[in-house]
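One structure is given below, encoded as structure tokens.
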Ligand SMILES: NC(=O)c1ccc[n+]([C@@H]2O[C@H](COP(=O)([O-])OP(=O)(O)OC[C@H]3O[C@@H](n4cnc5c(N)ncnc54)[C@H](O)[C@@H]3O)[C@@H](O)[C@H]2O)c1
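Residue numbers (the numbering used here): 4 to 273.
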């Protein structure tokens, strides 16, 4: 018996990195997966490679290798119509929607007064407004099914303690804390829990982005925000984050809503 047998999970940003891991791990535990990714460049200011259609194909292959069922689409979290369509298609194919992992995001670096308007605006559109649109597209089907459910919003340590050199990212990820708590309060009566997860560095294309190193080389004093209590490993694995995401998405966390789950080696506390 898998922890998510009979359930359906919608994962955004599922082509690679953490999103792929969450999709594969949820499938291993019995969930049918609805997966989207933009599979294209999103911001000219990102200094790491974009995900591709082949990456999303590989997620499909890995989910199916677990014996899982998956509906995967190229879609952009900035586009409410695309999100509504994929949710409708997922519910038509798998019958319900129980879990949402709002994971898609981007990251780029500039001091805030040097940041071009479009660098700020695109990141806020994807990382904050895109999560709101993801939840907005998903929740009606969950309410209608009447099964309760769990929504996991992927924020960051930057949603609790801003890291200098990425004010756009800090603003978006902090905004997700407010969105998460408001959504949790509005959805409690439907037994839908809403929580945010806050990783520190994770070993993905974003987490190993050289743009962060360039910012630190130019402004070494910014490293003061990067200390951790646990120091044996600077980067979490994607499975470390999936462990936390699957727990909070599962019925084991049935008492937990509107919380901020830090998975951060203690970064937010130093
Ligand atoms: N890697 C880290 O160190 C770290 C730390 C804390 C939080 N996070 C957060 O974790 C989440 C996952 O990041 P990751 O580390 O797996 O990075 P990643 O770049 O490997 O994966 C992010 C995925 O999101 C997709 N995406 C981006 N914009 C999109 C859009 N508009 N519509 C649909 N899909 C889109 C990308 O194509 C990519 O496949 C992000 O929200 C990120 O901000 C990452």
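Backbone N, C-alpha and C fix where the C-beta goes; we use that ideal spot for every residue, glycine too.
Residues near residue 103 by beta carbon distance below 6 Å, same chain, minus five either side:
13, 141 and 154
Between which residues of its own chain and residue 256 is the CB-CB distance below 8 Å, once the five residues before and five after are set aside?
153, 196, 198 and 250
Between residue 26 and ligand 1, is there a pair consisting of the residue's CB and a ligand heavy atom that are separated by less than 7 Å?
no
Let me check understanding here. Comparing Cα to Cα, which of 261, 267, 168 and 86 lies closest to residue 224?
168
Which of helix, strand or coil does DSSP assign to residue 100?
coil
Let's test the definition: count the other Cβ atoms within 10 Å of the Cβ of residue 21 and tell me whether it reaches 16, buried, or not, exposed.
buried
Please say whether residue 151 and residue 194 have beta carbons closer to each other than 8 Å?
yes
Alpha-carbon spacing of residue 242 relative to residue 176, whole angstroms:
21 Å
Based on Cα-Cα distance, which residue from 89, 68 and 69 lies nearest to residue 75?
89
My parser needs the alpha helix (DSSP H) runs of 4 or more residues fully inside the region 150-231; what are they?
170-190 and 213-221
Is the beta carbon of residue 201 sitting closer than 8 Å to the one on residue 159?
yes
With respect to the alpha helix (DSSP H) encompassing residue 142, which residues constitute its N-terminal and C-terminal limits?
133-148
Sequence-distant residues of the same chain with beta carbon closer than 6 Å to residue 125, five excluded per side:
46
Which first and last residues belong to the alpha helix (DSSP H) in which residue 243 is found?
241-252
Are the beta-carbon atoms of residue 55 and residue 42 separated by less than 8 Å?
yes
Are the beta-carbon atoms belonging to residue 99 and residue 11 less than 8 Å from one another?
yes
Can you tell me whether residue 271 is helix, strand or coil according to DSSP?
helix
For residue 40, the residue or residues it bridges with in DSSP
77
Helix, strand or coil for residue 265 per DSSP?
strand
Tell me which residues share the same chain as residue 73 and place their Cβ nearer than 8 Å to its Cβ, disregarding the 5 neighbours each side in the sequence.
26, 30, 35, 36, 37, 38, 62, 63, 66 and 67
Contact test: residue 169 Cβ vs ligand 1 heavy atom, cutoff 7 Å:
no
Are there any heavy atoms of ligand 1 lying less than 7 Å away from the beta-carbon of residue 39, as far as the coordinates show?
yes
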